[in-house]
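Peer 1: Here it is, the structure in full.
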Amino acid sequence: MTPRQRLLGQFIERVWNCGDNAAVPEYLAETYTIRHDPGDPWEGRTLDQAGFIERLETSRAPFPDQRFTIIHISEDDTSVIIAWTWAATHRLPIAGFEASNRTITMSGASVYSFDRKDRLTGHWQVSDRLSVFQQLQQNAAMQQA
Numbered sequence: 316m317t318p319r320q321r322l323l324g325q326f327i328e329r330v331w332n333c334g335d336n337a338a339v340p341e342y343l344a345e346t347y348t349i350r351h352d353p354g355d356p357w358e359g360r361t362l363d364q365a366g367f368i369e370r371l372e373t374s375r376a377p378f379p380d381q382r383f384t385i386i387h388i389s390e391d392d393t394s395v396i397i398a399w400t401w402a403a404t405h406r407l408p409i410a411g412f413e414a415s416n417r418t419i420t421m422s423g424a425s426v427y428s429f430d431r432k433d434r435l436t437g438h439w440q441v442s443d444r445l446s447v448f449q450q451l452q453q454n455a456a457m458q459q460a
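Using this note's numbering, you'd call the opening residue of the sequence shown number 316 and step up by one each time.
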C-alpha cells in the first residue's frame, strides 16, 4: 500500500466511519471540491474545512453508525481510486422518511485528488443512491403495514 492509499484509508476510517471532526484538518487542503456526485446535495460545491465538517455532520446524522469498507484501492499519478461498500442504521429522518432503525446499504466508487502536500482536494464519485431510496421506501412500507 502506498502512502497516499494509507492516508486515504485513515481518512475514511477516522473521518467518515468514526465521525472525527477534529481530524478533518489533518487530511483536507484548504478547499475541497465535490465533483460528479449525483444526488448529493453538496454536488458541485467547493467547501472550506468548516463546510466539509458541516457536510460530514449532516451526512452522518441519520446514519451515525455508518461504515465504509474499501473493497478495492488503486492509484495513478494524481489520484487514489477506491471502490467501497457502505452500511448504516437509519436512526433519524432523512428525505421525508422517518427513522426505520433498519440497515441501509449501498456501493460506489470515488476518485480522490490530492495537492502537493498530499492533502485531499476533492472527489469525483458515483454511488448507488437509487438503491438507498428503494430501501428507505421499502422500510417505510413495512412500518406502515
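Positions of the beta carbon are idealized from the N, C-alpha and C atoms, including for glycine.
Bear in mind the structure is a predicted one, so any value in this text is a computation, not a measurement.
1) Once the 5 residues before and after H387 are set aside, which same chain residues still bring their CB inside 6 angstroms of it?
2) Give the straight-line distance between the Cα atoms of I409 and M316, rounded to the nearest whole angstrom.
3) What would DSSP say about L407, mapped onto helix, strand or coil?
4) What residues match up with Y427 in a beta bridge as DSSP calls it?
5) State the Cα-Cα distance for the pair R375 and D391, rounded to the nearest angstrom.
6) Less than 6 angstroms between C-beta atoms, sequence neighbours within five positions excluded: which residues of the same chain meet that for W401?
7) Could you round the C-beta distance between W439 and V447 to whole angstroms and report it? I think they count as a contact, below 8 angstroms.
8) Going by DSSP, name the residue or residues bridged to I385.
9) Thinking V463 and L323 are a contact (beta carbons under 8 angstroms), I'd like their distance in whole angstroms, please.
10) In this structure, does DSSP put A338 in helix, strand or coil?
Peer 2: Inspection of the coordinates gives the following:
1) Counting from 1 along the sequence shown, the entry for residue 387 is found at position 72. A398, listed in sequence order.
2) Within the sequence shown, the letter at position 94 stands for residue 409. Within the sequence shown, the letter at position 1 stands for residue 316. Each residue's Cα considered, the two are about 36 angstroms apart.
3) Counting from 1 along the sequence shown, the entry for residue 407 is found at position 92. Coil.
4) Position 112 of the sequence shown, counted from the first residue, corresponds to residue 427. Bridge partners of Y427: V395, H438.
5) Residue 375 sits at position 60 when you count from the first residue of the sequence shown. Residue 391 sits at position 76 when you count from the first residue of the sequence shown. R375 and D391: Cα-Cα distance of roughly 30 angstroms.
6) Along the sequence shown, read from residue 1 onward, the residue named residue 401 stands at position 86. These residues qualify, in order along the chain: F383, M421.
7) The residue you call residue 439 lines up with position 124 of the sequence shown. The residue you call residue 447 lines up with position 132 of the sequence shown. Incorrect: roughly 19 angstroms between the Cβ atoms, too far for contact.
8) Looking up residue 385 in the sequence shown gives position 70. I385 is bridged to W399.
9) Given that the chain is displayed from residue 316 to residue 460, the structure contains no residue 463 and the question cannot be resolved.
10) Here residue 338 refers to the residue found at position 23 when the sequence shown is read from its first residue. It is helical.
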